[in-house]
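S.K.:
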Amino acid sequence: MQFDRGYLSPYFVTNAEKMLVEFENPYIFLTEKKINVVQHILPILENVARSGRPLLIIAEDVEGEALSTLVLNKLRGGLQVAAVKAPGFGDRRKDMLG
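Numbering (this note's numbering) for the sequence shown: 139 to 236.
1. Helix, strand or coil: how does DSSP classify residue 179 here?
2. Answer yes or no: do residue 168 and residue 217 have a C-beta to C-beta separation smaller than 8 Å?
3. Quick one: residues in its chain with C-beta nearer than 6 Å to the C-beta of residue 152, no 5 flanking neighbours on either side, listed in chain order?
4. Using the Cβ count rule (16 or more neighbours within 10 Å means buried), how would you classify residue 139?
5. Flag this pair as yes or no: are the beta carbons of residue 204 and residue 185 separated by less than 8 Å?
6. Return helix, strand or coil for residue 139, following the three-state DSSP convention.
7. Thinking C-beta only, is residue 192 closer than 8 Å to residue 222?
8. According to DSSP, residue 165 sits in a beta bridge with which residue or residues?
9. Find the nearest neighbour of residue 212 within the set 145, 176, 150 and 224, judged by alpha-carbon distance.
Structure (structure tokens):
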């Protein structure tokens with residue numbers, strides 16, 4: 139899978155010198171849906187936080203309250219997380235994520 143765009147917020151950066159997000163052995167959450175309410179993914183976030191591993195979210199979009207909550211958790215050190223928009227459009231995107 140090749141990404142057309144990068145992370146959804148510069149606050150997800152882990153390597154400030156190169157402006158990259160670098161994770162070792164992350165969980166990867168794929169969804170073909172938009173995430174705009176954190177309650178939709180709260181059980182996933184809680185399980186990942188307990189594991190101590192980072193989380194990469196690949197979704198149609200992450201916005202609003204959900205994005206704000208992810209950024210806030212990252213800044214507070216509670217969860218290593220980054221979110222990116224899924225590549226492609228329409229049915230092609232759904233095929234890649236499905």
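Cβ atoms here follow ideal geometry from the backbone N, Cα and C, with glycine treated the same way. Note that this is a predicted model, so its numbers are computed, not measured.
M.R.: According to the structure shown:
1. For the purposes of this step, residue 179 is identified with residue 41 of the sequence shown, where counting begins at 1. Looking at residue 179 - three-state DSSP - the assignment turns out to be coil, as it is neither helix nor strand.
2. Translated into the one-based positions of the sequence shown, residue 168 becomes position 30. Translated into the one-based positions of the sequence shown, residue 217 becomes position 79. Not in contact: residue 168 and residue 217 (Cβ atoms no closer than 8 Å).
3. For the purposes of this step, residue 152 is identified with residue 14 of the sequence shown, where counting begins at 1. Sequence-distant Cβ neighbours of residue 152 in its own chain, meaning closer than 6 Å and more than five residues away, are 159 and 160.
4. Taking the first residue of the sequence shown as 1, we reach residue 139 at position 1. Caution applies to residue 139, whose pLDDT of 45 falls short of 50 and renders its modelled position unreliable; the value that the coordinates give is listed next. It is exposed - the Cβ of residue 139 has fewer than 16 other Cβ atoms within 10 Å.
5. Position 66 of the sequence shown, counted from the start, is the residue given in the question as residue 204. Position 47 of the sequence shown, counted from the start, is the residue given in the question as residue 185. No, the Cβ-Cβ distance between residue 204 and residue 185 is not below 8 Å.
6. Against the sequence shown, residue 139 aligns to sequence position 1. Annotation note: pLDDT 45 at residue 139 (below 50); position unreliable, coordinate value reported separately. Of the three classes helix, strand and coil, the one that applies to residue 139 here is coil, per DSSP.
7. The residue you call residue 222 lines up with position 84 of the sequence shown. The residue you call residue 192 lines up with position 54 of the sequence shown. The answer is no: Cβ separation not under 8 Å.
8. Looking up residue 165 in the sequence shown gives position 27. DSSP, once it has assigned bridges, lists 193 as partnering residue 165.
9. Along the sequence shown, one-based indexing puts residue 212 at 74. Taking residue 212 as reference, the option from 145, 176, 150 and 224 with the minimal CA-CA separation is 150.
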